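Down below is the structure, laid out as structure tokens.
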Amino acid sequence: MADIHVEEFYKDVAVALIQLYSVFPRRTNLFVEDIAGPDEPDEFGLHSPRHMACFGALLWLEEEGLLRYVDTIRQDALDQAVLTQKAFVRLSAPAPRSLVAALDASAPDDSLPRSVQRDLSSYVHLIRSAIKSGSSDRISLAIQSTFFADSLADQLH
């Protein structure tokens, strides 16, 4: 089992990417509270560590080239965020059949039209399905396999 902050990181990343994918290519404001839940700043106006961890995850996504944004809205949101080409292509790509079968009980069968099979085997579908399941393990595996599979494969060879 991973550290709780790492599991929360994977969930924050998953939710943010799905939000951006669902409106792509339109720019949108990405609010921390929509991802991590409500937050009440303390008497000094400081956000909770959970809120700041989510905000940090959003900034990390930009640093890693997965999203762009125009500005931050305090520490509450990213203004006019959009997926990068790299993230959009990866989320839209088909995942390996073995991964789809391992992560998604509703994996496409051969009786479905090819277009439906493609949609149900995409990385974005795996992430949506993992979020819907509420399983931290599935969310972590879906994000790891979507964005870290190439670097993990390179390390193994």
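Per my numbering, the sequence shown starts with residue 36, numbered consecutively.
Idealized CB from N, CA, C, for every residue including glycine.
The structure displayed is predicted, hence computed values, not measured ones.
Would you list the one or two residues that DSSP bridges to T107?
Partner(s): L113.
Using only the alpha-carbon positions, how far apart do D77 and A130 sit?
Using only the alpha carbons, I get a separation of about 43 Å.
From S156 to G80, what does the alpha carbon distance come to, in whole angstroms?
Each residue's Cα considered, the two are about 44 Å apart.
Whole angstroms are fine: how far does the CA of V105 sit from the CA of S57?
Straight-line Cα distance between these residues: approximately 19 Å.
Using CA atoms only, rank isn't needed, just tell me which of F59, I162, K167, T119 is closest to E99.
Nearest of F59, I162, K167, T119 to E99, Cα basis: T119.
Which same chain residues, not among the five before or five after R173, have their C-beta less than 8 Å away from its C-beta?
Taken in chain order, the residues that qualify are L138, S164, A165.
What does the alpha-carbon distance come out to for the pair Q179 and G91?
Using only the alpha carbons, I get a separation of about 18 Å.
Using the Cβ count rule (16 or more neighbours within 10 Å means buried), how would you classify H86?
It counts as buried.
What residues match up with T63 in a beta bridge as DSSP calls it?
Beta-bridge pairing links T63 to A116.
Suppose you measure from the CA of R62 to the CA of Q54; what does that come to, to the nearest Å?
If I take the Cα positions, the gap works out to 11 Å.
From which residue to which residue does the alpha helix (DSSP H) around H40 run?
Segment 39 to 58, the alpha helix (DSSP H) holding H40.
Check the DSSP bridge columns for S157 and list the partner residues they point to.
DSSP output for S157 lists P129 as bridge partner(s).
Ignore the nearest five residues each way along the sequence and tell me which others in L101's own chain have a CB closer than 8 Å to its CB.
Excluding positions up to five away in sequence, the list reads L52, L118, T119, K121, A122, F182.
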